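J.: Residue numbers (the numbering used here): 25 to 190.
Built from N, CA and C at the ideal position, the CB exists for glycine as well.
These numbers were taken from a predicted model, which means no experiment stands behind them.
(1) Give me the residue from 156, 160, 164 with the minimum Cα distance to residue 82.
(2) Put residue 109 into one of helix, strand or coil per three-state DSSP.
(3) Determine which residues share a DSSP beta bridge with residue 84 and list them.
(4) Which residue wins for smallest C-alpha separation from residue 73, given the options 116, 56, 181, 111?
(5) Shortest alpha-carbon distance to residue 145 belongs to which of 120, 69, 114, 161?
(6) Give the secondary structure of residue 143 by DSSP, where H, G and I count as helix, E and B as strand, and everything else as coil.
(7) DSSP three-state label for residue 74, please.
(8) Expressed to the nearest angstrom, what Euclidean distance is found between the alpha-carbon atoms of residue 158 and residue 80?
(9) Measure the C-alpha to C-alpha separation of residue 84 and residue 58 and round it to an integer number of angstroms.
(10) Taking just the CA atoms, how far does residue 164 sit from residue 130?
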């Protein structure tokens, strides 16, 4: 338990001394021909924070995709910012925690990238790089999705730590 607190204190120090907001990384993403987001580097401060919190590439946990639509079937995701709820611990980040990211809905399926986490027990936001993934095409948009939205079957998905967005 003491090592968890020490790690969180180290991360808090890192956040206090780092510059920039992890959410600002979303502004310059190029789009692919199908409307989905192109590659994007993970900011160095996010890589450091994830290392301190032992959130390594490939590590995963369950997340409620939209904190405002928990347990609804199906859910509608909207193009732009999203707030999700972490349901399981991810490294030293304890659940529940808020995940902040961005949704793209122009491609054949919803794409969600996370740039920050907010521990629910206090403290500063933690920069991170993660993506929502779900098998069996469950993040694929339903045909009745209107422009700027993605109606998807599942309210939950796996959130996976990445070192860059591909």
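T.: A quick look at the data gives this:
(1) Looking up residue 82 in the chain shown gives position 58. Taking only the C-alpha atoms, the option nearest residue 82 is 156.
(2) The residue given as residue 109 occupies position 85 in the chain shown. The answer is strand: DSSP assigns residue 109 an E or B state.
(3) Reading the chain shown from its first residue, position 60 is the one you call residue 84. Bridge partners of residue 84: 184.
(4) Position 49 of the chain shown holds residue 73. Nearest C-alpha to residue 73: 116.
(5) Position 121 of the chain shown holds residue 145. The candidate whose alpha carbon is nearest that of residue 145 is 120.
(6) Within the chain shown, numbered from 1, the residue matching residue 143 stands at position 119. It is a strand residue.
(7) Taking the first residue of the chain shown as position 1, residue 74 is located at position 50. Helix at residue 74.
(8) Residue 158 sits at position 134 when you count from the first residue of the chain shown. Residue 80 sits at position 56 when you count from the first residue of the chain shown. Using only the alpha carbons, I get a separation of about 19 Å.
(9) Within the chain shown, residue 84 is the residue found at index 60, counting from 1. Within the chain shown, residue 58 is the residue found at index 34, counting from 1. Their backbone Cα atoms lie some 27 Å apart in a straight line.
(10) Indexing the chain shown from 1 puts residue 130 at position 106. Indexing the chain shown from 1 puts residue 164 at position 140. The straight-line gap from Cα to Cα measures roughly 11 Å.
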